[in-house]
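Residue numbers (the UniProt record's numbering): 1 to 355. A virtual CB, placed ideally from N, CA and C, is assigned to each residue, including glycine. These numbers were taken from a predicted model, which means no experiment stands behind them. Shown next, in structure tokens, is the structure this report addresses.
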Ligand code: SF4
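This is the structure:
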């Protein structure tokens with residue numbers, strides 16, 4: 001399926017309706033610590049974060065968010081649970097988006113006040129259903145947090161906003177279990193055209209969570225589901241952004257920085273390829289320009305992949321054959337392979353920017 005979503009805007013960033021799938025993250029600092037939060041946002045932005053969310057648990061955090069807004073170069077979303085006064089406060093403070101579930105706010109007049117403020121300030125709302133915090137009535141009805149229960153919860157929140165004539169909405173349906181998350185999004189995608197924020201929540205620490213996120217988000221994105229994503233990792237949120245980008249790059253959905261191709265090595269390899277590949281990746285990974293770099297072990301598959309890449313090197317007997325855009329540049333001794341490849345990349349990028 002290919003979910004055809006309508007488009008909304010979070011600040012200056014379009015979400016849905018054919019816009020590029022955006023990479024989001026959430027700060028892990030205490031939001032009230034403005035300096036620490038702004039410093040973390042700077043690191044997230046440098047890594048490619050396009051929308052950032054901060055937790056707003058109390059009025060002090062809501063006040064801090066107004067300062068953070070003046071510093072933050074990308075759209076800023078406030079994550080609020082239950083308290084509609086906090087929502088009103090952050091909207092007045094200039095926030096670009098809210099993550100709040102209207103069904104949890106309580107009295108309808110409170111929801112109506114939040115919706116009116118969102119409408120006045122052009123602020124969209126993300127409804128975020130989490131399998132771990134579903135409404136009791138739905139858990140009783142469905143037995144546990146099934147995909148159907150998650151979708152019913154989301155539609156309940158959507159309905160409240162639609163009754164108030166508000167449609168600047170995106171929806172997430174997160175569970176820590178991949179199959180359940182995928183099933184829930186597929187079910188929802190058949191029923192609504194709101195943009196979908198996708199993620200595997202509480203995916204785990206950086207290593208395991210990266211794999212779970214890549215599998216889950218990969219399935220969804222390949223299905224054509226997902227307008228914006230957040231990778232959730234127990235670790236530095238900068239890693240979330242990097243992983244999000246790698247997922248999008250691996251599916252050819254976005255371009256940012258190098259795509260690395262390297263072989264697993266085998267008994268035919270006559271150079272220390274692992275060291276070369278790791279060093280090449282370390283030297284080039286922070287380049288913002290999109291390009292493909294191949295580091296291959298031998299003449300079996302090496303020249304083919306190296307030729308396909310923008311810059312590639314294929315190992316031989318203690319040396320490598322350097323390629324640029326499919327053409328052989330020269331033979332390089334093993335000790336100079338990294339340097340020669342990096343220089344060739346720099347020369348290609350200089351040529352690109354000049355032309
Ligand atoms: Fe082995 Fe050569 Fe393939 Fe690398 S490119 S895995 S060294 S056959």
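Beta-carbon separation of residue i and residue j under 9 Å?
i, j, result
"residue 61", "residue 72", "no"
"residue 131", "residue 201", "yes"
"residue 259", "residue 293", "yes"
"residue 233", "residue 295", "no"
"residue 99", "residue 126", "yes"
"residue 352", "residue 316", "no"
"residue 52", "residue 24", "yes"
"residue 87", "residue 105", "yes"
"residue 15", "residue 141", "no"
"residue 332", "residue 305", "no"
"residue 213", "residue 231", "yes"
"residue 195", "residue 223", "no"
"residue 204", "residue 156", "no"
"residue 122", "residue 89", "no"
"residue 178", "residue 216", "yes"
"residue 3", "residue 225", "yes"
"residue 164", "residue 149", "no"
If you count every other CB in all the chains shown that lies within 10 Å of the CB of residue i, and 16 or more means buried, which is it?
i, result
"residue 197", "buried"
"residue 22", "buried"
"residue 336", "exposed"
"residue 251", "exposed"
"residue 49", "buried"
"residue 166", "buried"
"residue 209", "buried"
"residue 346", "exposed"
"residue 12", "exposed"
"residue 245", "buried"
"residue 378", "With the chain covering 1 to 355 only, the question about residue 378 has no answer from this structure."
"residue 354", "exposed"
"residue 97", "buried"
"residue 326", "exposed"
"residue 191", "exposed"
"residue 83", "buried"
CB-CB under 8 Å to residue i, same chain, minus the five flanking residues each way: which ones, in chain order?
i, result
"residue 93", "62, 63, 65, 66, 69"
"residue 286", "257"
"residue 279", "338"
"residue 288", "256, 257"
"residue 18", "7"
Note down, in chain order, each residue of its chain lying with its Cβ closer than 6 Å to the Cβ of residue i, except the 5 sequence neighbours on either side.
i, result
"residue 175", "131, 181"
"residue 145", "131, 134"
"residue 187", "147, 151"
"residue 303", "314"
"residue 370", "Outside the shown range of the chain, which is 1 to 355, sits residue 370, and nothing can be said about it."
"residue 183", "147"
"residue 36", "29"
Counting only the same chain and skipping the five closest in sequence on each side, list residues whose C-beta sits under 7 Å from that of residue i.
i, result
"residue 344", "311, 322, 324, 329"
"residue 43", "238"
Along the chain, where does the beta strand (DSSP E) that runs through residue i open and close?
i, result
"residue 63", "Premise fails: residue 63 lies in the alpha helix (DSSP H), 59–71, not in any beta strand (DSSP E)."
"residue 9", "8–10"
"residue 179", "No beta strand (DSSP E) contains residue 179, which is instead part of the alpha helix (DSSP H) from 178–189."
"residue 302", "No beta strand (DSSP E) contains residue 302, which is instead part of the alpha helix (DSSP H) from 302–308."
Which residues bound the alpha helix (DSSP H) around residue i?
i, result
"residue 195", "Looking at the DSSP string, residue 195 is not in any alpha helix (DSSP H), and its letter there is neither H nor E."
"residue 210", "206–222"
"residue 360", "In this structure the chain extends from 1 to 355, so residue 360 is not present and cannot be described."
"residue 270", "No alpha helix (DSSP H) contains residue 270, which DSSP labels as neither H nor E."
"residue 337", "337–354"
"residue 116", "108–121"
Does the CB of residue i have a neighbour CB from chain D at under 9 Å?
i, result
"residue 56", "You won't find chain D in this structure, because it holds only one protein chain."
With respect to 8 Å, is the separation between the Cβ of residue i and the closest non-hydrogen atom of the ligand MN below this value?
i, result
"residue 63", "Only the ligand SF4 can be found as ligands here, which leaves the ligand MN out of the picture."
In chain order, what residues have a CB nearer than 6 Å to some heavy atom of the ligand SF4? 263, 264, 265, 266, 268, 269, 296, 297, 298, 300, 301, 302
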